[in-house]
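*Asks:* Chains as they are written, first to last, in the numbering used here: chain G, 6 to 328; chain P, 6 to 328.
Below is the structure I would like to discuss, written out as structure tokens.
There are 2 protein chains.
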Amino acid sequence: MTASRALRGDRDVSAASRERVIKAAEDIGYFGNHLAASLSSARSDLIGVIVPSLTNIVFPQVMSGVTDGLLGTGFQPAFGVTDYDQDREYELVGRMLSWRPAGMIITGLEQSEKTRRLLLEANIPIVQIMDTDGVAIDSVVGFSHQTAGSEMAEALVSAGRSRFGYIGCNLESDVRANKRKQGFADALSRHDYAITASLFCAGLSSVGDGRRLTQELLMQSPDLDCIYYSNDDVAFGGLCYCLEARVDVPARVALAGFNGLSLLQGFPGLIATSTTRRRDIGRASAEIIIESLQNPQQTKGRQLTMQPAVELGALQKTCSPSD
Amino acid sequence: MTASRALRGDRDVSAASRERVIKAAEDIGYFGNHLAASLSSARSDLIGVIVPSLTNIVFPQVMSGVTDGLLGTGFQPAFGVTDYDQDREYELVGRMLSWRPAGMIITGLEQSEKTRRLLLEANIPIVQIMDTDGVAIDSVVGFSHQTAGSEMAEALVSAGRSRFGYIGCNLESDVRANKRKQGFADALSRHDYAITASLFCAGLSSVGDGRRLTQELLMQSPDLDCIYYSNDDVAFGGLCYCLEARVDVPARVALAGFNGLSLLQGFPGLIATSTTRRRDIGRASAEIIIESLQNPQQTKGRQLTMQPAVELGALQKTCSPSD
DNA sequence: GTGAAAGCGCTAACAT
DNA sequence: ATGTTAGCGCTTTCAC
């Protein structure tokens, strides 16, 4: 009937009817039923967004970016969390698709074959985010973690460092942290250097673990002049230990993390990092979905790289401690 | 037909048919349509979850808790973010309800009157979380921020502090931080003390702001022996400043935050805090929704308080700096 | 500009 | 244990 048109803001409704309908709707406290609408029109205004974890601030920021990018478009994000578990991811993707979302944003390129098939067959725009090292399903917004790792290594070598340690958390599940480590090690070996000592912890990264592992690593390898961490949280924990133990950072040992978290502003410049544009990646992925929806042909398989910038901070000004 | 029953795991289907159906479904890559299912059965397996922000780790942790609590129940969380904006909240609640969720979890007790009406009329279990200072719509899981503030004040007074400063971020929108401050000030005044110096910053709380504001506050009021912060992020920034400026914490000045973030493990015990059980609150709220769904009568209007524990850390052992 | 008819893909209730 | 019928609340298409 006319009511349906009026409420959806269809033109071809007289101003008089429109007003009457809207008035009536308010009076009875009516609000539509998206289920019926989407079922009938065979499309919904949901954009599925899948992230691996909510344990540090990185993915929440990506989600904020997506929300921003969707604001005012009439589309709505629907968030899901996999906890870095591929089976859970498959399950979640299936559930999301069964809501017939208009598009999907999913973290990483390493979905299981089953999941990839689901996504492909859904026949909606898919954007994989946060990584570009691999084979895409459709569009991609992110950067190469491998490159990020090697760029950090190059920068640290240029700053005169030569005895490298590594500390990582959650490497069993965090594919991207592994890629960074790989890129880091590869770049070092091109300079005939290597990671000579490393420590790992299972489970999620945390400041506390970084602190503990750094103490341990420096005990067993006191000659290290640089430690690369799987991310900023762990690196920051390392810095806390060093400050308390009066280990001079970065003069005696340089610490390098990853992400460029605002947390680092606690001690500006003391930790080298690669600043990732997390909100921008979220926003851009939302925009690509919207464009694809408006222009299905031209926007297939776009690739957008936002490589993080290496920031050395105070390290820039120091020389090798052996000088 | 039988297929529908088989796929939903209805009993009253012969093992033979069930297998044939499931086999066939896999062959053609069939997966159901939640839209149609929910429309038909007039209920969905979604639980709407509304949080104010994703800018620090607190609400992501609540969301993880909800996800945990829902795991294996067949219900699924659907997350929404309001950015501390009541109009956005109203909009979001409306949109969520139009998906006919089975229940709603929403942060805080300060919804607008319109939003409250929407929620009431939805006739589904509602759980408001994170706060108990106010009037509930249905069930509540959280704690009194007012009490949390006064308990911290009491603890600090007992620890011998007497000259109090306050630093807060985002107080324009963060109702709960305001309640803590109020409770803190009220408790102080019962001891004839008061907050004698404060600084605020607009916008979201961050470590960097805490650092900057603490420097400023200690410059203009060098005699303070205690600073209460709106939360741990800001407090931690303050600690970073003090460590760098060699201000003795907690001997000369005690710092107190709120939340018990794992970040504090960078310098264990140096910041007093109230440890909130964020995951537990998320999990419990999910459980209450599930119970209400199974047992509509008995579970109306439950109230669950999980008051945070004050942790003084190193401050416990110090005496007033004037001793 | 408005209305009537059909149907989206399921589930519920009732046969059989 | 399986099939049949009707209908959830919309949108679409086509008349008027």
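By construction, the Cβ of each residue, glycine as well, lies at the ideal position given by its N, Cα and C atoms.
With respect to 6 Å, is the separation between the Cβ of ASP92 of chain G and the closest non-hydrogen atom of the ligand FAD below this value?
*Replies:* For the ligand FAD, the structure offers nothing, since it holds no ligand at all.
*Asks:* Identify every run of the alpha helix (DSSP H) within the stretch 128-197 of chain P, keeping only runs that are complete inside it and at least 4 residues long; order them along the chain.
*Replies:* With a minimum length of 4 residues, the continuous alpha helix (DSSP H) runs that stay inside the stretch 128-197 of chain P are 150-163, 180-195.
*Asks:* Go ahead and label VAL56 of chain G buried or exposed: buried means 16 or more other beta carbons lie within 10 angstroms of its beta carbon, across all protein chains shown.
*Replies:* That one is buried.
*Asks:* In the DSSP assignment, find the unbroken alpha helix (DSSP H) run with MET109 of chain P in it and report its ends.
*Replies:* That residue, MET109 of chain P, is in no alpha helix (DSSP H); its beta strand (DSSP E) goes 108-112.
*Asks:* Just to confirm, are PRO313 of chain G and SER267 of chain G a CB contact at a threshold of 7 Å?
*Replies:* Going by C-beta atoms, PRO313 of chain G is not nearer than 7 Å to SER267 of chain G.
*Asks:* When you compare the CB of GLU118 of chain G with every CB in chain P, is at least one pair closer than 7 Å?
*Replies:* Chain P, which has no Cβ nearer than 7 Å to the Cβ of GLU118 of chain G, makes this no.
*Asks:* With distance defined between alpha-carbon atoms, name the residue in P:GLY265, P:ASP197, P:VAL98, P:SER194 nearest to LEU275 of chain P.
*Replies:* Closest option to LEU275 of chain P, Cα to Cα, is P:GLY265.
*Asks:* Since CYS231 of chain P sits in a beta bridge, which residues does DSSP pair it with?
*Replies:* According to DSSP, CYS231 of chain P bridges with P:PHE169, P:ALA259.
*Asks:* Applying the criterion that 16 or more other CB atoms from any shown protein chain within 10 Å of the CB defines a buried residue, is LYS305 of chain G buried or exposed?
*Replies:* LYS305 of chain G comes out exposed.
*Asks:* For ASN38 of chain G, return the contacting residues in chain P, with the cut-off set at a CB-CB distance below 8 Å.
*Replies:* What ASN38 of chain G touches in chain P: LEU44, SER103, ARG105.
*Asks:* Helix or strand or just coil, what does DSSP make of THR201 of chain G?
*Replies:* Reduced to three states, the DSSP call for THR201 of chain G is strand.
*Asks:* When you compare the stretch 108-116 of chain G with the stretch 128-141 of chain G, are there three or more beta-carbon pairs, one atom per stretch, that lie closer than 8 Å?
*Replies:* Cβ pair count under 8 Å is three or more, so yes.
*Asks:* Please list the residues of the stretch 248-261 of chain P that have a C-beta atom closer than 8 Å to any C-beta atom in chain G, keeping them in chain order.
*Replies:* Those residues of the stretch 248-261 of chain P that come within reach of chain G (Cβ to Cβ, closer than 8 Å) are LEU248, GLU249.
*Asks:* For THR278 of chain G, name the three-state secondary structure that DSSP assigns.
*Replies:* Strand, per DSSP.
*Asks:* Return the residue from the list G:GLN302, G:LYS184, G:ARG166 that minimises the CA-CA distance to VAL254 of chain G.
*Replies:* Checking every option, the nearest Cα to that of VAL254 of chain G belongs to G:ARG166.
*Asks:* In terms of residues, what are the limits of the alpha helix (DSSP H) holding VAL26 of chain G?
*Replies:* VAL26 of chain G -> alpha helix (DSSP H) spans 20-32.
*Asks:* Using a beta-carbon distance below 7 Å, is SER211 of chain P in contact with chain G?
*Replies:* Yes, contact with chain G.
*Asks:* Hey, could you find the ends of the beta strand (DSSP E) GLY53 of chain P is sitting in?
*Replies:* Per DSSP, GLY53 of chain P belongs to the beta strand (DSSP E) from 51-56.
*Asks:* Enumerate in chain order the residues of its own chain whose CB-to-CB distance from SER327 of chain P is below 6 Å, with the five nearest sequence positions on each side excluded.
*Replies:* Any answer about SER327 of chain P is weak, because its pLDDT of 49 lies below 50 and its placement is not dependable; what the coordinates show is given next. So the list is empty, once near-sequence residues are dropped.
*Asks:* Classify THR310 of chain G as helix, strand or coil using the three-state DSSP reduction.
*Replies:* The answer is strand: DSSP assigns THR310 of chain G an E or B state.
*Asks:* So what does GLY85 of chain G bridge to, in DSSP terms?
*Replies:* Per DSSP, G:ILE55.
*Asks:* Can you tell me whether DSSP reads GLU115 of chain P as helix, strand or coil?
*Replies:* Looking at GLU115 of chain P - three-state DSSP - the assignment turns out to be coil, as it is neither helix nor strand.
*Asks:* For VAL54 of chain P and ALA261 of chain G, what's the separation of their Cα atoms in angstroms?
*Replies:* Distance between the alpha carbons of VAL54 of chain P and ALA261 of chain G: 37 Å.
*Asks:* Which residues, in chain order, does the stretch 68-92 of chain P contribute to contact with chain G at a C-beta distance below 9 Å?
*Replies:* Answer in chain order: MET68, SER69, THR72, GLN81, PRO82, ALA83, PHE84, GLY85, VAL86, ASP88.
*Asks:* Could you check the C-alpha separation between GLN299 of chain G and ARG307 of chain G for me, to the nearest Å?
*Replies:* Their Cα atoms are separated by approximately 15 Å.
*Asks:* Determine, for SER22 of chain G, whether the minimum Cβ-Cβ distance to residues of chain P falls below 7 Å.
*Replies:* It does not; no Cβ of chain P falls within 7 Å.
*Asks:* Please check the pair ALA309 of chain P and VAL146 of chain P, which I expect to be a contact at CB under 8 Å, by giving their CB distance rounded to whole angstroms.
*Replies:* The sequence given here has Leu at residue 309 of chain P, not Ala. Confirmed, about 4 Å.
*Asks:* When you compare each of P:ALA8, P:LYS184, P:GLY108, P:HIS196 to LYS28 of chain P by their alpha carbons, which one comes out closest?
*Replies:* Considering only alpha carbons, the answer is P:ALA8.
*Asks:* If ALA329 of chain P and LEU222 of chain P are in contact, beta carbons under 8 Å, what's the gap, nearest whole angstrom?
*Replies:* Coverage of chain P is limited to positions 6 through 328, which leaves residue 329 of chain P absent and any answer about it impossible.
*Asks:* Considering only their Cβ atoms, is the gap separating ILE294 of chain P from VAL67 of chain P smaller than 7 Å?
*Replies:* No.
*Asks:* To the nearest whole angstrom, what separates the beta carbons of VAL212 of chain G and GLY173 of chain G, a pair I think is in contact under 8 Å?
*Replies:* With a Cβ gap of about 14 Å, VAL212 of chain G and GLY173 of chain G do not count as contacting.
*Asks:* Among the candidates G:ILE129, G:ASN175, G:VAL140, whose CA atom is the shortest distance from the CA of GLY108 of chain G?
*Replies:* For the residues G:ILE129, G:ASN175, G:VAL140, the minimum Cα distance to GLY108 of chain G belongs to G:ILE129.
*Asks:* Figure out for me which residue from P:ALA158, P:GLN151, P:ASP17 has the closest Cα to the Cα of ASP230 of chain P.
*Replies:* The residue with the shortest Cα to Cα distance from ASP230 of chain P is P:ALA158.
*Asks:* At what residues does the alpha helix (DSSP H) containing SER210 of chain G begin and finish?
*Replies:* No alpha helix (DSSP H) contains SER210 of chain G, which DSSP labels as neither H nor E.
*Asks:* Taking the C-alpha atoms as reference points, what is the distance between GLY154 of chain P and LYS184 of chain P?
*Replies:* Roughly 8 Å separates the two Cα atoms.
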